[in-house]
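Trainee: In the order they appear, the protein sequences are chains A and B. When we follow this note's numbering, the leftmost residue of the first sequence carries the number 1, and every step to the right adds one. When we follow this note's numbering, the leftmost residue of the second sequence carries the number 1001, and every step to the right adds one.
Number of protein chains: 2
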Amino acid sequence: MPPTLRRYLPILDWGSRYDRRTLESDALAAVIVTIMLIPQSLAYALLAGLPAEMGLYASILPLVAYAVFGTSRALAVGPVAVVSLMTAAAIGNLGLTDPGAIALAAVTLAFLSGLFLTAMGLFRLGFIANFLSHPVIAGFITASGILIAASQLKHILGVEASGHNLLETLSHLLGNLGRTNLWTLIIGVSSIVFLFWVRKGLKPRLLKAGINPRLADVLTKAGPVGAVVVTTLFTWIFGLADRGVAIVGDVPRGLPPLTAPSFDPGMWAALVGSAILISIIGFVESVSVAQTLAAKRRQRIDPNQELIGLGTSNIAASISGGYPVTGGFARSVVNFDAGAETPAAGAFTAIGILLAALLLTPLIYFLPKATLAATIIVAVLSLVDFTVVKQAWRFSRADFFAVGATILLTLGMGVEAGVSAGVALSIFLHLYKTSRPHIAELGLVPGTHHFRNILRHDVETDPKVLTLRVDESLYFANARFLEDYIYDRVVGECALEHVVLNFPAVNEVDLSALESLESILHRLKDMGIHLHLSEVKGPVMDRLKRSHFLEEMNGRVFLSQYDAWMALSDQGATARAAE
Amino acid sequence: MPPTLRRYLPILDWGSRYDRRTLESDALAAVIVTIMLIPQSLAYALLAGLPAEMGLYASILPLVAYAVFGTSRALAVGPVAVVSLMTAAAIGNLGLTDPGAIALAAVTLAFLSGLFLTAMGLFRLGFIANFLSHPVIAGFITASGILIAASQLKHILGVEASGHNLLETLSHLLGNLGRTNLWTLIIGVSSIVFLFWVRKGLKPRLLKAGINPRLADVLTKAGPVGAVVVTTLFTWIFGLADRGVAIVGDVPRGLPPLTAPSFDPGMWAALVGSAILISIIGFVESVSVAQTLAAKRRQRIDPNQELIGLGTSNIAASISGGYPVTGGFARSVVNFDAGAETPAAGAFTAIGILLAALLLTPLIYFLPKATLAATIIVAVLSLVDFTVVKQAWRFSRADFFAVGATILLTLGMGVEAGVSAGVALSIFLHLYKTSRPHIAELGLVPGTHHFRNILRHDVETDPKVLTLRVDESLYFANARFLEDYIYDRVVGECALEHVVLNFPAVNEVDLSALESLESILHRLKDMGIHLHLSEVKGPVMDRLKRSHFLEEMNGRVFLSQYDAWMALSDQGATARAAE
Chain A
1 MPPTLRRYLP ILDWGSRYDR RTLESDALAA VIVTIMLIPQ SLAYALLAGL PAEMGLYASI
61 LPLVAYAVFG TSRALAVGPV AVVSLMTAAA IGNLGLTDPG AIALAAVTLA FLSGLFLTAM
121 GLFRLGFIAN FLSHPVIAGF ITASGILIAA SQLKHILGVE ASGHNLLETL SHLLGNLGRT
181 NLWTLIIGVS SIVFLFWVRK GLKPRLLKAG INPRLADVLT KAGPVGAVVV TTLFTWIFGL
241 ADRGVAIVGD VPRGLPPLTA PSFDPGMWAA LVGSAILISI IGFVESVSVA QTLAAKRRQR
301 IDPNQELIGL GTSNIAASIS GGYPVTGGFA RSVVNFDAGA ETPAAGAFTA IGILLAALLL
361 TPLIYFLPKA TLAATIIVAV LSLVDFTVVK QAWRFSRADF FAVGATILLT LGMGVEAGVS
421 AGVALSIFLH LYKTSRPHIA ELGLVPGTHH FRNILRHDVE TDPKVLTLRV DESLYFANAR
481 FLEDYIYDRV VGECALEHVV LNFPAVNEVD LSALESLESI LHRLKDMGIH LHLSEVKGPV
541 MDRLKRSHFL EEMNGRVFLS QYDAWMALSD QGATARAAE
Chain B
1001 MPPTLRRYLP ILDWGSRYDR RTLESDALAA VIVTIMLIPQ SLAYALLAGL PAEMGLYASI
1061 LPLVAYAVFG TSRALAVGPV AVVSLMTAAA IGNLGLTDPG AIALAAVTLA FLSGLFLTAM
1121 GLFRLGFIAN FLSHPVIAGF ITASGILIAA SQLKHILGVE ASGHNLLETL SHLLGNLGRT
1181 NLWTLIIGVS SIVFLFWVRK GLKPRLLKAG INPRLADVLT KAGPVGAVVV TTLFTWIFGL
1241 ADRGVAIVGD VPRGLPPLTA PSFDPGMWAA LVGSAILISI IGFVESVSVA QTLAAKRRQR
1301 IDPNQELIGL GTSNIAASIS GGYPVTGGFA RSVVNFDAGA ETPAAGAFTA IGILLAALLL
1361 TPLIYFLPKA TLAATIIVAV LSLVDFTVVK QAWRFSRADF FAVGATILLT LGMGVEAGVS
1421 AGVALSIFLH LYKTSRPHIA ELGLVPGTHH FRNILRHDVE TDPKVLTLRV DESLYFANAR
1481 FLEDYIYDRV VGECALEHVV LNFPAVNEVD LSALESLESI LHRLKDMGIH LHLSEVKGPV
1541 MDRLKRSHFL EEMNGRVFLS QYDAWMALSD QGATARAAE
């Protein structure tokens, strides 16, 4: 089998070694994940502003595609909270009202996202995800969690409220507070309380009661299903739908439909920016879960193949009535803990959801939306984590600024503005920091060959020689800074004969920086001052040799700063004379 | 006088020392610049797709504003070729046809650009201009020169042609070649030949004929005026306007009109992106000319005050019927060479142009557009310079790629796409380069305290100790790379007990990189391997102390790599035992 095929189809690799024991592990994990995924699929579709069945459809074929193309043994793909929120924002931008048009937009968004991810994978551009800084992602996820929880409060209260940002949502909500539906509120609040209790209190009690830990685990994960069953029965029996409790209603029963994305250029143009953001955020979340879980079993994943796995999953979603999917954090951890050993667990989960779509949909007619909102709220509040803010504040102001801006902009202006601003800001702050490099003036530590900052150490200097250590690679953003720094420093120094630039920390010199070095050289030449370099790294020296700079230099390149000092300073001359 | 006032109003500084001798120098320079600027103003307005008089208006009040707020002694502000081309592109985006609406858009563009520049200056954001790499700017200017020259060919041939990119323009031109107007072609080509001859051949001849060098200079600069006078007379006398030669026609006579920009939010939204690009490109061009000229006289300019100077000039343009202006390269050099000593020279030039607007406009009724096109072509061809491409090719592939993409995109997709792509690409390539830092595995050079790359040098190593020197600051874009590198390197090394990260070239560790260091630490701990650091710089150490990383470390921080080697390696242990 050609190795390329094996790389692009990881299923050929693990599939050839698949046995009965692996099958059993995968199947058990699939049962637990299916139980967790049914209410989540319905709930996240609601969050995305789509009909509930689209959540189920997004949990069938995409999982099969990932099983074929994905590399993570534990990643559970499907609808997730943040991507659902971003889908809602993207489709909201289009201002559609017709349900058919909204569904078409969702399918198209999944298709564009799938194309983009697959293309990134094929061109091996997975590294681009590294350009998102961790604090920006952490801040974005936290803010999204708050936005999502806030957006679900209307379902808990049973009122109308909408808004693209936190203030809008909350003020709509407050304005409509008087119209709260009491039955809805009772269902919503008791579901939240029950689900929190299941999370925190149930498992210890079950274990105490002597129940097998594995079963205790399954029962805990089944909490949302329990809430769904109980509240649906309750609503049905007491006829609460007639008392204003919003219910899921008619969910079509059957196989996922065959769908096709729109190929209207106008819709593509309107969705492509959102699709790129959704893809990148989805990929970053997914790959970090996958890597964390792989490392626990000393396995490795291939980020570029992951892109292809997620890309084909989204394309699969687009042809089967779904919407954008990615690897979910909580669900993947559950899958891993439940013992999933291969991506086949995902395919088995798909069978579970397919059965649900075929058999269970009539049963959820009376499922209150408040229950689904409660499962979302309880799930996303675990995303909200402000420790990154505290950590950034302590560690570095630039990181704090980036994470703070991301959170505030996401809350205040919505997910797309928030994450775009966060990425742009973290790149800008990095450029800004490196645009004003630390430059230290050096002197010789007496009795040694070491040179240190004259401001921090008691060192020997010579008015004839100015030694500057540049603590940054030189490139376009800081080239001018070095120029200005040297002119300011040199002006009025009448005794000065030599400027030595000490380059041990200069890892790179680009063409802009070369031009700046050349203009520094010409300016110093005009002043009758010699420019020298010392401790230039191999790659930088190779680079300089490809220009005329070294030929034009009126000074020398010294291997060590000590050599420069011995050759140029009065002290060095005295020492040489004494030899 | 408060120093702040003096900073924001440089005129208070040089104005207080103004004397008769300075006045004479400035006035003479102003005469020469005026002679040069009259045809240029008309021509660049034509290039910007605006009526000729707007060029004159843009050369009056803006120059006075710069004289009050600018810091450069030699910068000659006014309409320039590249900014005029960008203005044409920006207004072209709006798809306007009504001349009044076009003029309003031009005035609004100048206003937005003025606001942006002034705000950048007040917030002292001049350093942002450094984020444009020199090769990208050089490539952009070269490509713009070609685009401008190509756009003027239609006037030389006397045919219709339009297009936002080179191919479009040239193919329109070829399609209409059969409709060439012979008289227009004769005027255009002979003007071009004449102007080139004036540039290259006139001055030496005048000097040889014993004419005073200063006068020879003025006569050379008057070349375009000569071409204008001769071709206008020629067109008038032979009635060529009736034979299809396009003429400037009626140019209103009088003072610049009082105008106001549009405050329509839709127009602002449509123009703000272009205004920002025009501002930044204009500022970068202008400040680099100003700095070059200031350095020749050992003066300095303040980039942030320059922003205010250019910003107020553009606001002045917007209230007096002009369009975006900036400091012109050729014109400023002429101003400098002619002896301008203060910004007052600009104000005197403004008087000269004002007189032209009051008195000369009726005389240019028969001025052929072909003559103006010829002056543009001859002027911009000096902008076209491909040496930067050659230099970049030799010096660094990344720079070559950025400059090549900028040139091709500017030619193929227009100025705005070209320069935006160039900026984005140079930032991306910088991030990309630093995202895969050079990591060297080190060994001890026998008999010394020095450590070198094991691949390049014959050095001592110890299978128990892995020493890695990271040749880059650690930040979000490369944090994951280091993680992956270390895992790949460590896997399967059974004898390994210590990993030492040698940090002399690490100038910065951000929060993302800290998280990566923490996960490297935890992973190595799990494997029973100790993680050590050596030669950590002061600022990086200060930063690490603000986190829990150092407390959690299972290894040590060594001041020098040699200390680490002595403490950890077998060779070190033997040496210690022998002492």
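The beta-carbon is built from N, C-alpha and C at its ideal position, and this holds for glycine as well.
1. Under 9 Å between beta-carbons, which chain A residues line up against E1472 of chain B? List them in chain order, please.
2. Can you tell me where the beta strand (DSSP E) holding V500 of chain A begins and where it ends?
3. For the putative contact between F481 of chain A and R436 of chain A, defined by C-beta atoms under 8 Å, what is the C-beta separation to the nearest angstrom?
4. I'd like the list of long-range same chain contacts for A129 of chain A, defined as Cβ closer than 8 Å, with 5 residues on each side in sequence excluded.
5. Would the segment 303–312 of chain A count as touching the segment 88–99 of chain A if we require 3 or more Cβ pairs under 8 Å?
6. So which residues of chain A does Q1571 of chain B contact, with C-beta pairs closer than 7 Å?
7. Given a cut-off of 9 Å on the beta-carbon distance, is the pair L511 of chain A and P1135 of chain B in contact?
8. Please confirm whether I427 of chain A has its beta-carbon closer than 9 Å to some beta-carbon of chain B.
9. Give the straight-line distance between the Cα atoms of G1352 of chain B and L1061 of chain B, rounded to the nearest whole angstrom.
10. Could you please give me the residues that DSSP links to E1441 of chain B through a beta bridge?
11. Report yes if the CB atom of A81 of chain A is closer than 9 Å to the CB atom of S144 of chain A, and no otherwise.
12. State yes or no: is the beta carbon of K1433 of chain B nearer than 9 Å to at least one beta carbon in chain A?
13. Residues of chain B with a CB under 9 Å from the CB of S133 of chain A: which are they?
14. Report, in whole angstroms, the separation of the C-beta atoms of S1581 of chain B and Y1044 of chain B, which I expect to be a contact under 8 Å.
15. Taking all protein chains shown into account, decide if S1016 of chain B is buried (16 or more other Cβ within 10 angstroms of its Cβ) or exposed.
16. Give a yes or no on whether the minimum CB-CB distance between R1297 of chain B and chain A is below 9 Å.
17. Which one of A:S516, A:A294, A:V509, A:Q571 has the shortest CA to CA distance from R546 of chain A?
18. For the segment 541–559 of chain A, which residues have a beta carbon sitting closer than 7 Å to at least one beta carbon of chain B?
19. Closer than 7 Å by beta-carbon distance: list the chain B residues that pair up with E515 of chain A, in chain order.
20. Going along the chain, which residues of its own chain have a beta-carbon closer than 7 Å to the beta-carbon of L1096 of chain B, five neighbours each way excluded?
21. Check whether the Cβ of A1270 of chain B lies closer than 9 Å to any Cβ atom in chain A.
22. Identify each residue in the segment 521–533 of chain A for which the Cβ-Cβ distance to at least one residue of chain B is less than 7 Å, and report them in chain order.
23. Considering only the beta carbon of each residue, do N176 of chain A and G244 of chain A sit closer than 9 Å?
24. If you measure between the beta carbons of P628 of chain A and A227 of chain A, is that distance less than 9 Å?
25. Against chain A, with Cβ distances strictly below 9 Å, would D1458 of chain B count as a contact?
26. Please work out which residues of its chain come closer than 7 Å, Cβ to Cβ, to A150 of chain A, disregarding the five sequence neighbours upstream and downstream, and give them in chain order.
27. Is there at least one Cβ from chain A nearer than 9 Å to F1283 of chain B's Cβ?
28. E1460 of chain B by DSSP, collapsed to three states: which one?
29. Determine the burial state of P1362 of chain B: buried for a count of at least 16 other Cβ atoms within 10 Å of its Cβ, exposed for fewer.
30. Return the chain-ordered list of same chain residues with a C-beta closer than 6 Å to the C-beta of M566 of chain A, the five sequence neighbours on each side being excluded.
31. Give the list of continuous alpha helix (DSSP H) stretches no shorter than 4 residues that lie fully inside the segment 1272–1319 of chain B.
32. Quick one, which of B:K1433, B:L1383, B:V1380, B:L1514 has its alpha-carbon nearest F395 of chain A's?
33. Measuring alpha carbon to alpha carbon, tell me which residue in B:A1564, B:T1467, B:L1531, B:D1563 is nearest E1551 of chain B.
34. Verify the CB distance criterion: does Y57 of chain A have a CB-CB separation below 9 Å to chain B?
35. Between Y44 of chain A and chain B, is the shortest Cβ-Cβ distance under 9 Å, so that the two count as touching?
36. With 16 other CB atoms within 10 Å as the buried threshold, where does E1160 of chain B fall?
Mentor: In short, the structure shows the following:
1. For the purposes of this step, residue 1472 of chain B is taken as residue 472 along the second sequence, with counting starting at 1. Chain A residues near E1472 of chain B: S473, N507, E508.
2. Reading the first sequence from its first residue, position 500 is the one you call residue 500 of chain A. Where V500 of chain A is concerned, the enclosing beta strand (DSSP E) stretches over 498–502.
3. In the first sequence, residue 481 of chain A corresponds to position 481, counting from 1. In the first sequence, residue 436 of chain A corresponds to position 436, counting from 1. Their Cβ separation, rounded to whole angstroms, is 6 Å, which keeps F481 of chain A and R436 of chain A in contact under 8 Å.
4. The count along the first sequence starts at 1 and reaches residue 129 of chain A at position 129. Closer than 8 Å at the Cβ level, and outside the excluded window around A129 of chain A, lie I280, F283, V284, V287, P303.
5. no
6. Counting from 1 along the second sequence, the entry for residue 1571 of chain B is found at position 571. Neighbours of Q1571 of chain B on chain A: none; closest Cβ ~23 Å, over 7 Å.
7. The residue you call residue 511 of chain A lines up with position 511 of the first sequence. The residue you call residue 1135 of chain B lines up with position 135 of the second sequence. Result yes, Cβ atoms of L511 of chain A and P1135 of chain B sit closer than 9 Å.
8. Numbered from its first residue, the first sequence carries residue 427 of chain A at position 427. Yes - at least one Cβ of chain B is within 9 Å of the one on I427 of chain A.
9. In the second sequence, counting from the first residue as 1, residue 1352 of chain B sits at position 352. In the second sequence, counting from the first residue as 1, residue 1061 of chain B sits at position 61. Spanning the two alpha carbons is a distance of roughly 12 Å.
10. Taking the second sequence and counting its residues from 1, the one referred to as residue 1441 of chain B is at position 441. DSSP lists B:L1468 as partners of E1441 of chain B.
11. By 1-based counting over the first sequence, the position of residue 81 of chain A is 81. By 1-based counting over the first sequence, the position of residue 144 of chain A is 144. Yes, the pair counts as a contact, with Cβ atoms nearer than the cut-off.
12. Translated into positions along the second sequence, residue 1433 of chain B becomes position 433. Yes, its Cβ sits closer than 9 Å to a Cβ of chain A.
13. Here residue 133 of chain A corresponds to residue number 133 of the first sequence, with the count starting at 1. By Cβ distance, chain B contributes Y1475, F1476, A1477, A1479, D1510, L1511, S1512.
14. No statement about residue 1581 of chain B is possible, as the shown extent of chain B runs from 1001 to 1579 and does not include it.
15. As a first step, residue 1016 of chain B is located in the second sequence; it is residue number 16 there, counting from the start. By the 10 Å Cβ count, S1016 of chain B comes out exposed.
16. Translated into the one-based positions of the second sequence, residue 1297 of chain B becomes position 297. It does not; no Cβ of chain A falls within 9 Å.
17. In the first sequence, residue 546 of chain A corresponds to position 546, counting from 1. That would be A:V509, whose Cα lies nearest to the Cα of R546 of chain A.
18. R543, R546, S547
19. Taking the first residue of the first sequence as 1, we reach residue 515 of chain A at position 515. Result: H1134.
20. Sequence index remark: in the second sequence, residue 1096 of chain B carries index 96 (1-based). If we look at L1096 of chain B and ignore the five residues flanking it on each side, its Cβ neighbours are I1102, A1105.
21. As a first step, residue 1270 of chain B must be located in the second sequence, where it is residue number 270. No, its Cβ sits nowhere closer than 9 Å to a Cβ of chain A.
22. R523
23. Stepping through the first sequence from its first residue, residue 176 of chain A is reached at position 176. Stepping through the first sequence from its first residue, residue 244 of chain A is reached at position 244. No; because the gap between Cβ atoms is not below 9 Å, this pair is not in contact.
24. Only positions 1 to 579 of chain A appear in this structure, which leaves residue 628 of chain A out of reach.
25. Residue mapping note: residue 1458 of chain B aligns to position 458 of the second sequence, counting from 1. No - not a single Cβ of chain A is within 9 Å of the one on D1458 of chain B.
26. Locating residue 150 of chain A in the first sequence gives position 150, counting from the first residue. Around A150 of chain A: L166, T169, L170.
27. By 1-based counting over the second sequence, the position of residue 1283 of chain B is 283. No, because no Cβ of chain A sits closer than 9 Å to the Cβ of F1283 of chain B.
28. Locating residue 1460 of chain B in the second sequence gives position 460, counting from the first residue. E1460 of chain B: strand per DSSP, three-state reduction.
29. One-based indexing of the second sequence puts residue 1362 of chain B at position 362. Exposed.
30. Looking up residue 566 of chain A in the first sequence gives position 566. If we look at M566 of chain A and ignore the five residues flanking it on each side, its Cβ neighbours are G572.
31. 1303–1319
32. Taking the first sequence and counting its residues from 1, one reaches residue 395 of chain A at position 395. Closest option to F395 of chain A, Cα to Cα, is B:L1514.
33. Counted from its first residue, the second sequence places residue 1551 of chain B at position 551. Comparing Cα positions, the closest option is B:L1531.
34. By one-based count along the first sequence, residue 57 of chain A stands at place 57. Chain B contact via Cβ: absent.
35. By one-based count along the first sequence, residue 44 of chain A stands at place 44. Not one chain B Cβ lies under 9 Å of Y44 of chain A.
36. Position 160 of the second sequence holds residue 1160 of chain B. Result: exposed.
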